[in-house]
Each structure stands twice: as C-alpha cells, then as structure tokens.
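*Asks:* Here the protein sequences line up with chains A and B, keeping their order. Residues in the first sequence are numbered consecutively from 25, following the working numbering. Residues in the second sequence are numbered consecutively from 249, following the working numbering. Note that the Cβ used here is the ideal one computed from N, Cα and C, for glycine as well. If you scroll down you'll find the structure; I have some questions about it.
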Amino acid sequence: MSISRRSLPGRRDAGQKRVMVIATAVTVAFLVLVGQLWYLQVLEGGRFLDASDKNRIRVRPIAAPRGILFDRHGTPLVDNRPAFTLSLIPRELPRDVESRDAVLGRVASLLHIPYQDLTDAVAKVQPDSLLPVRVRRSLTLADVAKVEEWKLELPGVITEVEPQRVYPTSRFAAHLLGYVREANDEQLKQGRYRRGDMVGQSGLERLLDEYLRGQDGGERIEVDAMGRPVRRVQQTEPHAGAQVITTVDRGIQEAAERAMEGLAGAVVVMDPRSGDVLAMVSTPAFEIDRFTGTIERDAWLRVVQDPNFPLLNRTIQTQYAPGSVFKILVAAAGLQEGSLTPLDRTHCNGEFHLGTATFKDWKDGGHGTVDLHNAIAQSCNIFFYEAGLKIGGAAIVRYASAFGFGQPTTIDLPGEKAGLLPRPQAARGRQGRTYPPGETVNMSIGQGTVLVTPMQVARFMAAIANGGVLWRPRLVQRVERLDRVVWSDPGQVAGHVELSPVVWAFLRRSLWAVVNEGGTGVAARIPGLDIAGKTGTAQMVAKSKAEKGQDHAWFASFAPAKAPEVVVVVIVERGGKGGQVAAPIARKILNAIFFERVASVEIAG
Amino acid sequence: MLRIDRRLLQNVDWLLLALAFGLVVMSTVTLTSLHVGRAGGSVVLRQILWFVIGLVVMVLLASLDYRRLVRAAPALYLLGLIGLAAVFALGRTVSGARRWVVLGPLSVQPSEIFKVCFLLMAVWAITSRWAQPVGKLTLVLTLPIVAVPIVLIIKQPDLGTALLLVPLLVILLVGAGMRFKLLAGLALAGLGALPLAWLVLKEYQRERILVFLDPFRDPLGSAYNVIQAKIAIGSGQLLGKGVAGATQSRLAFLPERHTDFIFAVFAEMWGFVGCLVLLLCYVLLLLRGFDIAATAREPVGRLVALGATSLFAAQVLINVGMVTGLLPVVGIPLPLMSYGGSSMVASFMTLGLLLSVRMRQFQ
Numbered sequence: 025m026s027i028s029r030r031s032l033p034g035r036r037d038a039g040q041k042r043v044m045v046i047a048t049a050v051t052v053a054f055l056v057l058v059g060q061l062w063y064l065q066v067l068e069g070g071r072f073l074d075a076s077d078k079n080r081i082r083v084r085p086i087a088a089p090r091g092i093l094f095d096r097h098g099t100p101l102v103d104n105r106p107a108f109t110l111s112l113i114p115r116e117l118p119r120d121v122e123s124r125d126a127v128l129g130r131v132a133s134l135l136h137i138p139y140q141d142l143t144d145a146v147a148k149v150q151p152d153s154l155l156p157v158r159v160r161r162s163l164t165l166a167d168v169a170k171v172e173e174w175k176l177e178l179p180g181v182i183t184e185v186e187p188q189r190v191y192p193t194s195r196f197a198a199h200l201l202g203y204v205r206e207a208n209d210e211q212l213k214q215g216r217y218r219r220g221d222m223v224g225q226s227g228l229e230r231l232l233d234e235y236l237r238g239q240d241g242g243e244r245i246e247v248d249a250m251g252r253p254v255r256r257v258q259q260t261e262p263h264a265g266a267q268v269i270t271t272v273d274r275g276i277q278e279a280a281e282r283a284m285e286g287l288a289g290a291v292v293v294m295d296p297r298s299g300d301v302l303a304m305v306s307t308p309a310f311e312i313d314r315f316t317g318t319i320e321r322d323a324w325l326r327v328v329q330d331p332n333f334p335l336l337n338r339t340i341q342t343q344y345a346p347g348s349v350f351k352i353l354v355a356a357a358g359l360q361e362g363s364l365t366p367l368d369r370t371h372c373n374g375e376f377h378l379g380t381a382t383f384k385d386w387k388d389g390g391h392g393t394v395d396l397h398n399a400i401a402q403s404c405n406i407f408f409y410e411a412g413l414k415i416g417g418a419a420i421v422r423y424a425s426a427f428g429f430g431q432p433t434t435i436d437l438p439g440e441k442a443g444l445l446p447r448p449q450a451a452r453g454r455q456g457r458t459y460p461p462g463e464t465v466n467m468s469i470g471q472g473t474v475l476v477t478p479m480q481v482a483r484f485m486a487a488i489a490n491g492g493v494l495w496r497p498r499l500v501q502r503v504e505r506l507d508r509v510v511w512s513d514p515g516q517v518a519g520h521v522e523l524s525p526v527v528w529a530f531l532r533r534s535l536w537a538v539v540n541e542g543g544t545g546v547a548a549r550i551p552g553l554d555i556a557g558k559t560g561t562a563q564m565v566a567k568s569k570a571e572k573g574q575d576h577a578w579f580a581s582f583a584p585a586k587a588p589e590v591v592v593v594v595i596v597e598r599g600g601k602g603g604q605v606a607a608p609i610a611r612k613i614l615n616a617i618f619f620e621r622v623a624s625v626e627i628a629g
Numbered sequence: 249m250l251r252i253d254r255r256l257l258q259n260v261d262w263l264l265l266a267l268a269f270g271l272v273v274m275s276t277v278t279l280t281s282l283h284v285g286r287a288g289g290s291v292v293l294r295q296i297l298w299f300v301i302g303l304v305v306m307v308l309l310a311s312l313d314y315r316r317l318v319r320a321a322p323a324l325y326l327l328g329l330i331g332l333a334a335v336f337a338l339g340r341t342v343s344g345a346r347r348w349v350v351l352g353p354l355s356v357q358p359s360e361i362f363k364v365c366f367l368l369m370a371v372w373a374i375t376s377r378w379a380q381p382v383g384k385l386t387l388v389l390t391l392p393i394v395a396v397p398i399v400l401i402i403k404q405p406d407l408g409t410a411l412l413l414v415p416l417l418v419i420l421l422v423g424a425g426m427r428f429k430l431l432a433g434l435a436l437a438g439l440g441a442l443p444l445a446w447l448v449l450k451e452y453q454r455e456r457i458l459v460f461l462d463p464f465r466d467p468l469g470s471a472y473n474v475i476q477a478k479i480a481i482g483s484g485q486l487l488g489k490g491v492a493g494a495t496q497s498r499l500a501f502l503p504e505r506h507t508d509f510i511f512a513v514f515a516e517m518w519g520f521v522g523c524l525v526l527l528l529c530y531v532l533l534l535l536r537g538f539d540i541a542a543t544a545r546e547p548v549g550r551l552v553a554l555g556a557t558s559l560f561a562a563q564v565l566i567n568v569g570m571v572t573g574l575l576p577v578v579g580i581p582l583p584l585m586s587y588g589g590s591s592m593v594a595s596f597m598t599l600g601l602l603l604s605v606r607m608r609q610f611q
C-alpha cells in the first residue's frame, strides 16, 4: 500500500482505517481486472487474433467472363456485355425483421419483383453474410436509376455490374449454343458449383461448360463493421473462360434461321468434306436471351408446355420418317447388290398390289413407264415398291446401317436420338427372322418403322456427296486458352461405305436430275448452281381428320453436284409436299451460301 | 475567494495532476489514431477543448474551500436535479437515450455533472448535525437524496450512472463510520428489490444483462459489442498491434469505440503491457486519492476525498469490467480516457475536489 503515513500516528482513527479498507478493496478489484486481461490477451490472445483477422478480411468473388464462342471465321456467335444485377447484402439489411421487410417490400414494388423471391433469396444464406446475394439479373437502366435514387431508403440493396451473355438475336442458334443460367439446387448439391455461378444448361454451353466458365477471381478486401470496403488487400484476377472455335458459319446459320422463320422443323448444313456442321437450326426456338436473365415462372412454364416443344433440338432429338429421301439408299443398295440396274423399267399406273393390300403412288394415275433414273427424279413409289421387294428388306437395312441410320451420330450434343430401323420378324412356318413383304414395301419409300433424325440424313447425304465417307458431325474445332489449344477435334471418320464408282456417279446424276431435269425438286433450282437433291414427304399416320394431309416435307441436297461443298437438309413439320415446301427453303439457303455474301456482321450490343 | 495562499500552492498534489495528465495524453493519442470524423471538427480537437475547460473547472474548484462547497451542496444538488429534469424538456436523443442537453455548440450530459453534486450533497447530509451519530437515522435521511435522482436518471435512461450513486452513498456511509451490520441489512434489502428493478428496466437493458450471462445469445445483436470488444482486447496479446495494426478498432468493428469502449481500442493497440501501464496510472491516482482522504484533517474533507476517489474508482472498475466482459454492459465512460466533454469535466471536478482537500490538509 502506498498510502503515506504523513499523518501523525495518534490520528489514525477509525475513519482512516475504513479508508484503507476501501482502498484495499479497490486495489483487489484492479488485480481482478489484470487477471482478466492476462486471460484474454496472453492465454487466449492467439485465438482472438485469429478472430480479428477473420473479422476484417472478406473474400468477394469476381465473376470470370464466360468464354466466347466463335464461328469458323472468327466471328463471335455469343459475346459478353456488362449487365446490372440486383443483389442483397444480408449483413447490411436492417437487423429487425420489421424494417427489413419494409426494405424488401420497397424493392419489390419499385422493381416489380415478387416479394417472395426476395425473402426466399435472403432466407437461403446466413443472415450475417457479407457476400451479395443476387436476386435479379439484367436490370434495365431505369431499374438501376430507381435503386440509386432510393439508395438511402434501401440499406443492403446494391446493384452490381457483371458480365452477361448477349446474343445476335433473341433466338439465335438457341439449341446449338444452349442457355446459361445460375446453378440450380441439384447442381449445387454436386458440389462443383457455388451459389450464383452461371452454368451452361444446354447445348455447347453445357458441353463445354468446364472450359467456358473460366476461373473466378477474388478480392480480399478489408471491410469495416458495416461491411463497407475500406481497402483492397489483395486481388486475384479472374481468368476469362476459354474461347471456343466452332465449325458453324454464322452467316449460313442466320440465313437458315431466316429461311425457317415461322415454320416448325429443322435445318442442318454440313460440309461433306469434313463433317463440319455449318448451321444447325431447330424451329421454333426458345428465346435464349430471356433464359439467361431472370425468367418468370409462368414464362418458363409457357416454354416448357408449348405444344411446339421449342426446347427440343429437332436436328438430333426428333425422329421422322425419311420418306422418299430413303429411296436414294434403296437405289444404292439395289445397284451395289446387283438386284437393280439402271435399265430396269416399270410401268407405273399409280397402284401396286401386294396380296390383298393396295399401295398407292403419290401421283394419281401414276408416272407411266419409268426407269431407275426417272423413278428417283420423279420419286415414283411404284418403281421402288417393286425394287424393294427385289432387293429384300435385309439388304436395305444392312445398307441403311452402313450409312449410319439407326445409330447416333455421336455429335457433341447431349440427348441425341438413334433413329430406328425395322427389325426382322419371326414368321410362321419359316426359319429365322425375315422382313415381311409389306414391311419391305413400306421401307422402300421410307415409311413404316424407319425413323431418322435430320442430322443422320445430313451425314448420309454427305456420304453420297463425298463418295462414302461417313463423318462424325463436328461442331467444335478447338478450344483455346490464351492462344494455347486446350482441346481440339481434328474430325473423325465414323465409317466408310464402299460402293462401286459407277453407283456413286449414277446416284449423283439422278439427284441432280431431281432438281434440274424437271424432277420433284425443281423448286430448289438455282440457275448457275448445280444442286443435287431429293425430296421427301413423310406421311403422318393421321390420328384425326385435321391432321390428314399434314405431312412432313423433306429436302436433302448438296451442291455443287460435281464437287460438293455443302449439304443442306431441310425438314418442315406438317409442311406438306417436300418439293413444294422444303425445296424452296433449301434453295434460299443455298442461294445465300453461294450468291449472297453472307457477311459475318458484328454482334449487336 | 480566489486568494492564493502560498501555503495552498505548496500543497498542490503534483503527482495526482501528473497522473491525470498522463491519462489524458493516452486518451488523446488513442482518439487520434481512430480518426473518428464528426461534424464540427474532429473528436480529438473537441476532447482537447473539453480538457482545457476541465482544467479551468478544476482550478476553480481547487481554489475554493471544499467546506464552502459542501455548505452550498443543497443548492448545487437542486440545480443538478433541475439539470436532470431539463433533459426531458430540451434533451437530445442519442441511440435511444435522452441524456444530453444542447447548449450552443456543445451538448452537455447533466447526469455526469450531477454525480459531483450528489457527492457533495451526500457528504453534506451525512455530516449534518441531524444525522449524528451515523446510524439508522442517517440512512433514513440520505435515502431520498439518492432515490429522487435515480428515478430521474433511469428514466433517461442512463442505468450506469444511476447504479453508480448507490455504491457511492454506501462508501460514504462506510467512511463516515456506519456499522457494517446495518450495511449488511441494507444490502439484503437491496437484493430483495432486484426483481422489482427487473420490471423497471427497459427491454434493451434486460437484453444486455441476459447477454452478459450468455454472450452468444445474439452474437450480432446485443452481444456484438461484447464479443467484438473481447476480440479487440484479446488480439492485442502481450505487446499489442500498434496503431496501424489495430484493425478491430480502426475498421470500426468495435462500436462506441471512442467513448465507452475506448479501453478495448487501447488494449488492442498496446497489448497487455500497455494495459498494465494504463491501469497502474489509475491505481496510483486512486491510491493518491485515498491517501488524501486518509490524511484529511476532519470528517468533511475525508468524506469529500473518499467520495471523489470512490466515484472515480467505481467508474474505472465498472467500465474496464464491462469492456473485458466481467460485467454487463452499462453505459459508463472510462474517466479521462473516453471521449465526452461532460465526463471529462466531471472527472476534473473530482480531481479539483481532491486537490482542494489536499491543499487545505494543514489549515
């Protein structure tokens, strides 16, 4: 005790003692404080130091721009542009529920966002999280202005700028590219994505998501207790996603989309020399740009429940009867097997009898006397009924198989259908399995249980055009990261079909005649360009009167006939006759490819 | 009145003053490092201004004979009560409490100044001839003196200050020679009244007490202060992080960091060693004050010195106790360290009283 004894000993009365008692008590209390400080600072100091480090450093991810998809000439098919995102910072929202709800209510009415969406978004994360929770993407400038204007009334509500996909047009190459959306709950469960990550959900965006996504950067920022950034401690730059060079030609893709406007169906444009897919169109398409932002539930339902199935990629996911296009294959099989010669003639009177059944030609009264060349050019059914029976179902199916029908093309897109070829059936009184004659007759004109996808037809036409090389359709040439190729597809031959050169020549000559010698495909004719092709009209089994006569119109073609550079396959659902509906569309596309300079224009936005 | 006697000057307690200045310097350094911006000049400049005002008040009080002050106590006490009541009429509300009266550019917290008035009044009552000898009658006389202001202050609400008055009175009674048995009875009665007090408390005050009992009850709400203060203090470790490294404080994780929680800031910057120095300053200052009480010539001087020292001690102990998590959070500033003009002036008033007693020790 440092209390001095200056006062005389005799004056140390009771009062003085009491002061000393109190002074002692105070000193002891101070010792307790020192003890507590020893505990906090020396014994537990390390733990609290960790806590204080965590306290001030926040990691804020910076979204890496998604890689860009280019066409074969280096024109972007899809690009990124900065877009405004509305986010909530849970930690900065008012603490008490009432004023928090008031803020959310204000946001909801200001931007016409369902209130429920906002509360749901906040409920999904920790209430003290400083990471922004995105509630709406692609805000309009007017929305951003509103938020800024009301800033003071909206604590914890911010607008951020993030890269977002932008497309040349609303539905541009929707099925090919695929849409990008925030990772859904299921994807989050897989653990590969974090909440808010943009993930390719279909098409090439999904296939190449790994490459396109890039590596998010991060900012380590010192923030104060209010979450306000004080300074940036460290920043790791985001690495943009890899660039994808596709095989698509943007000009052709656009021309094909224009040609199909308002129709349901599909177009495949392929380079028969490499198997490169130059255009892939499936209509009706979905609005790819709307899928990328925030889509309202009912808009989504409208797309999913649309009777025209806009989400379906008809080039590979829909199977059609090939109709008369299949006659090319039957002719090839017959000629190669020797059961058919160019000199065979048949008199066509419009009807063909097999037992008690009658098969009709599409032309009332028939074509008169036709040889194989004319039968192809005029698409005479009666000739092919007879030819089919001569060749036999088994041989036709064998050749169809060799040309890749009945099996997926293994193109780089998910969900591809295999198509269907007739199977031999066990018949009474016979050994093994064979094709009943009725089946064979139907098969000969591409009806019955033959189903193909437009992509398979394109590959088949390419094989006819290039003399038997069956390509695996190629969509992606390579993936580049900083000029380094990280993935490439050199093109792959899936098979060879060996036919004698005379057969190839005959087929090409006949197909040329379809368009240029008054055949069924005359509507595709372009003076100055040798187009070879085959029309097809796939009959629908009419379920009702309304559906009657609504056949699928095919036109499968290549050009120039002597040295083919492109294959164009068109199918229009419920379009009617192939020669009347599909051929003019192919004509438009071919015209664009060869005569209009399909200039690759800059992407808007 | 302002006759300066040479003998008086000889007895100025320079050690006491030196310790007080040392604390003010530490406060200024700490506040400077915080860069707390505020309209009308920085906190530091204001604190220095208040320091000067405090010095003037201290010199004034020291030059006055404390006995005359005690004689004038009833009047001062009444003035103090009027000041407390004025808060309700003219008060300014800061974070839910009306504790301030705005006087021109300055806002004054009457409850801070009232503590000194109360001290003088209590001494006056205890040493008055009606209260002799010190016993039950003294209790009966002094209870209304403490009850009226407590009701007024709790209404503001300023629980901390209200709670200070009771121990201050008890210490004065002890110093005046009241028997411990009687005090024990009083303490029991006080305990019995605790449930009643719970009913009087405001919601946030109850929450603070609950949080004290269980800090993780609401880590982002009421317990936030306590947790952040503990992190700040603990992370200072033995030697502290220095001014630049004290992120806890500088990044404003710590609420009330320039006022009630300034100790946590200091602890983060200077560590355990710095805290020892700071607390040593306080202990020396307080022991000096107790020494003045012990060596006072007559009961009034002893009680004034004892009361002034105890008031100071109680504030330091409660503040550091609450910031280090030993006591529930009650809004009591750390004398001479926390930013706040009224608190600064009140602290210098107690110092002035101590000086006054010391200087007249041999008269």
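#1: Under the rule that 16 or more other beta-carbon atoms within 10 Å means buried, what is Glu278(A), buried or exposed?
#2: Return helix, strand or coil for Asp261(B), following the three-state DSSP convention.
#3: At the 8 angstroms Cβ level, is Ile46(A) part of the contact set with chain B, yes or no?
#4: Output yes if chain B places a C-beta closer than 8 angstroms to the C-beta of Val50(A); else output no.
#5: Assign Gln501(A) to one of two classes, buried (16 or more other C-beta atoms within 10 Å of its C-beta) or exposed (fewer than that).
#6: How far does the alpha helix (DSSP H) with Met369(B) in it extend, from its first residue to its last?
#7: State yes or no: is the C-beta of Asp340(A) within less than 8 angstroms of the C-beta of Thr477(A)?
#8: Excluding sequence positions up to five away, which residues of its chain have a Cβ less than 6 angstroms from the Cβ of Ala287(B)?
#9: How big is the Cα-Cα spacing for Gly440(B) and Gly383(B)?
#10: What does the alpha-carbon distance come out to for the pair Lys175(A) and His136(A)?
#11: At a cut of 8 angstroms, does the segment 501–510 of chain A reach the segment 475–491 of chain A through at least three beta carbon pairs?
#12: Can you tell me the Cα-Cα spacing of Pro33(A) and Leu263(B), whole angstroms?
#13: Measure the alpha-carbon distance for Val564(B) versus Val121(A) and round it to whole angstroms.
#14: Taking beta-carbon pairs under 7 angstroms, can you tell me which members of the segment 108–124 of chain A lie near chain C?
#15: Tell me, please, which residues DSSP counts as bridged to Cys372(A).
#16: Using only alpha-carbon positions, find the residue among Pro547(B), Val399(B), Ala561(B) and Ala553(B) that is nearest to Gly39(A).
#17: The beta strand (DSSP E) with Pro478(A) in it runs from where to where?
#18: Go through its chain and collect everything with a Cβ distance to Arg130(A)'s Cβ below 8 angstroms, but skip five positions before and after it.
#19: Return helix, strand or coil for Thr276(B), following the three-state DSSP convention.
#20: Applying a beta-carbon distance threshold of less than 9 angstroms, which residues of chain A neighbour Gly328(B)?
#21: Please tell me whether Ala198(A) and Leu101(A) are closer than 8 angstroms, where the distance is taken between their beta carbons.
#22: In terms of DSSP beta bridges, what is Trp495(A) paired with?
#23: Let's see if you can read the secondary structure: which residues bound the beta strand (DSSP E) around Glu206(A)?
#24: Ile182(A) lies in the alpha helix (DSSP H); which residues open and close that run?
#25: Can you name the residues of chain B whose CB is closer than 8 angstroms to the CB of Val43(A)?
#26: Cα-Cα, which of Arg369(A), Glu281(A) and Asp436(A) is closest to Ser226(A)?
#27: If Ala610(A) and Gly552(A) are in contact, beta carbons under 8 angstroms, what's the gap, nearest whole angstrom?
#28: So, at 6 angstroms on beta carbons, what are the nonlocal neighbours of Gly328(B) in its own chain, with the 5 sequence-adjacent residues on each side left out?
#29: Give me the Cα-Cα distance between Val292(A) and Leu142(A), rounded to the nearest whole angstrom.
#30: By the 10 Å Cβ neighbour count, where 16 or more other Cβ atoms means buried, how is Tyr203(A) classified, buried or exposed?
#31: Taking the DSSP output, what are the residues bridged to His263(A)?
#32: Whose C-beta lies closer than 6 angstroms to the C-beta of Asp466(B) among residues of the same chain, with five residues either side of it excluded?
#33: Would you decide whether Glu116(A) is buried or exposed? Buried here means 16 or more other CB atoms lie within 10 Å of its CB.
#34: Whose CA, out of Gly519(A), Asn208(A), Tyr191(A) and Gly492(A), lies closest to the CA of Val92(A)?
#35: Can you tell me whether DSSP reads Asn473(B) as helix, strand or coil?
#36: Classify Leu165(A) as buried or exposed, calling it buried when 16 or more other Cβ atoms lie within 10 Å of its own Cβ.
*Replies:* If we stick to the structure as given:
#1: By one-based count along the first sequence, residue 278(A) stands at place 254. Its Cβ being crowded by 16 or more others within 10 Å, Glu278(A) is buried.
#2: Position 13 of the second sequence, counting from 1, holds the residue named residue 261(B). Of the three classes helix, strand and coil, the one that applies to Asp261(B) here is coil, per DSSP.
#3: Here residue 46(A) refers to the residue found at position 22 of the first sequence. By the rule that beta-carbons nearer than 8 angstroms mark a contact, Ile46(A) touches chain B.
#4: By 1-based counting over the first sequence, the position of residue 50(A) is 26. When Cβ-Cβ separations below 8 angstroms define contact, Val50(A) makes contact with chain B.
#5: Working through the first sequence from its first residue, we reach residue 501(A) at position 477. Around the Cβ of Gln501(A), a 10 Å sphere holds 16 or more other Cβ atoms; the residue is buried.
#6: Counted from its first residue, the second sequence places residue 369(B) at position 121. Looking at the DSSP string, the run of the alpha helix (DSSP H) that includes Met369(B) is Pro358 to Thr375.
#7: Sequence index remark: in the first sequence, residue 340(A) carries index 316 (1-based). Sequence index remark: in the first sequence, residue 477(A) carries index 453 (1-based). It should be noted that the sequence gives Ile, not Asp, for residue 340(A). It is a contact, given that the beta carbons lie within the stated cut-off.
#8: For the purposes of this step, residue 287(B) is taken as the residue at position 39 of the second sequence. Note that Ala287(B) scores 39 on pLDDT, short of 50, meaning its location in the model is unreliable and no value can be drawn from it.
#9: Here the question's residue 440(B) lines up with position 192 in the second sequence. Here the question's residue 383(B) lines up with position 135 in the second sequence. Using only the alpha carbons, I get a separation of about 21 angstroms.
#10: Here residue 175(A) corresponds to residue number 151 of the first sequence, with the count starting at 1. Here residue 136(A) corresponds to residue number 112 of the first sequence, with the count starting at 1. The C-alpha of Lys175(A) lies about 17 angstroms from the C-alpha of His136(A).
#11: Counting Cβ pairs under 8 angstroms, fewer than three are found: no touch.
#12: Walking along the first sequence from the start, residue 33(A) turns up at place 9. Walking along the second sequence from the start, residue 263(B) turns up at place 15. Low confidence applies to Pro33(A): its pLDDT is 41, below 50, so where it sits in the model is not reliable enough to give any reading.
#13: Sequence index remark: in the second sequence, residue 564(B) carries index 316 (1-based). Sequence index remark: in the first sequence, residue 121(A) carries index 97 (1-based). Rounded to the nearest angstrom, the gap between the Cα atoms of Val564(B) and Val121(A) is 37 angstroms.
#14: Although the question refers to chain C, the structure presented lacks it and instead comprises the protein chains A and B.
#15: On the first sequence, residue 372(A) is found 348 positions in, with the first residue counted as 1. Under DSSP, Cys372(A) takes part in a beta bridge, and its partners are Gly392(A).
#16: The residue given as residue 39(A) occupies position 15 in the first sequence. Of Pro547(B), Val399(B), Ala561(B) and Ala553(B), the residue nearest in Cα terms is Pro547(B).
#17: Here residue 478(A) corresponds to residue number 454 of the first sequence, with the count starting at 1. Run containing Pro478(A): none in the beta strand (DSSP E); it sits in the alpha helix (DSSP H), Pro478 to Asn490.
#18: Position 106 of the first sequence, counted from the start, is the residue given in the question as residue 130(A). Around Arg130(A): Trp174, Glu177 and Leu178.
#19: Numbered from its first residue, the second sequence carries residue 276(B) at position 28. Collapsing the DSSP output to three states places Thr276(B) in a helix.
#20: Here residue 328(B) refers to the residue found at position 80 of the second sequence. For the C-beta of Gly328(B), not a single chain A residue is nearer than 9 angstroms; the gap to the nearest is close to 24 angstroms.
#21: As a working note, residue 198(A) is residue 174 in the first sequence. As a working note, residue 101(A) is residue 77 in the first sequence. No.
#22: For the purposes of this step, residue 495(A) is identified with residue 471 of the first sequence, where counting begins at 1. Answer by DSSP bridge pairing, in chain order: Val517(A).
#23: For the purposes of this step, residue 206(A) is identified with residue 182 of the first sequence, where counting begins at 1. Counting along the chain, the beta strand (DSSP E) containing Glu206(A) begins and ends at Val204 to Glu206.
#24: As a first step, residue 182(A) is located in the first sequence; it is residue number 158 there, counting from the start. It is not in any alpha helix (DSSP H) - Ile182(A) instead sits in the beta strand (DSSP E) that spans Val181 to Val190.
#25: Numbered from its first residue, the first sequence carries residue 43(A) at position 19. What Val43(A) touches in chain B: Gly423, Phe538, Ala541, Ala542, Arg550 and Leu554.
#26: By 1-based counting over the first sequence, the position of residue 226(A) is 202. In this structure, Asp436(A) is the residue among Arg369(A), Glu281(A) and Asp436(A) with its C-alpha nearest to the C-alpha of Ser226(A).
#27: Along the first sequence, read from residue 1 onward, the residue named residue 610(A) stands at position 586. Along the first sequence, read from residue 1 onward, the residue named residue 552(A) stands at position 528. Wrong, their Cβ atoms sit about 16 angstroms apart, outside the cutoff.
#28: Residue numbering aside, residue 328(B) sits at position 80 when the second sequence is read from its first letter. Only Phe362 and Cys365 meet the Cβ criterion.
#29: Position 268 of the first sequence holds residue 292(A). Position 118 of the first sequence holds residue 142(A). Between Val292(A) and Leu142(A), the C-alpha separation is close to 43 angstroms.
#30: The residue labelled residue 203(A) in the question sits at position 179 within the first sequence. Buried: at least 16 other Cβ atoms inside 10 Å.
#31: As a position in the first sequence, residue 263(A) is number 239, starting the count at 1. DSSP, once it has assigned bridges, lists Gln239(A) as partnering His263(A).
#32: Here residue 466(B) refers to the residue found at position 218 when the second sequence is read from its first residue. Residue placement at Asp466(B) is poorly supported in this model, since its pLDDT is 48, which falls under 50; the coordinates are not used for a value here.
#33: Indexing the first sequence from 1 puts residue 116(A) at position 92. Buried is the call here.
#34: Residue numbering aside, residue 92(A) sits at position 68 when the first sequence is read from its first letter. Position check: residue 92(A) holds Ile in this sequence, whereas Val was assumed. Just measuring C-alpha positions, the residue of Gly519(A), Asn208(A), Tyr191(A) and Gly492(A) sitting nearest Ile92(A) is Tyr191(A).
#35: One-based indexing of the second sequence puts residue 473(B) at position 225. DSSP places Asn473(B) in helix when its eight states are reduced to three.
#36: Translated into positions along the first sequence, residue 165(A) becomes position 141. The residue is exposed, with fewer than 16 neighbouring Cβ atoms inside 10 Å.
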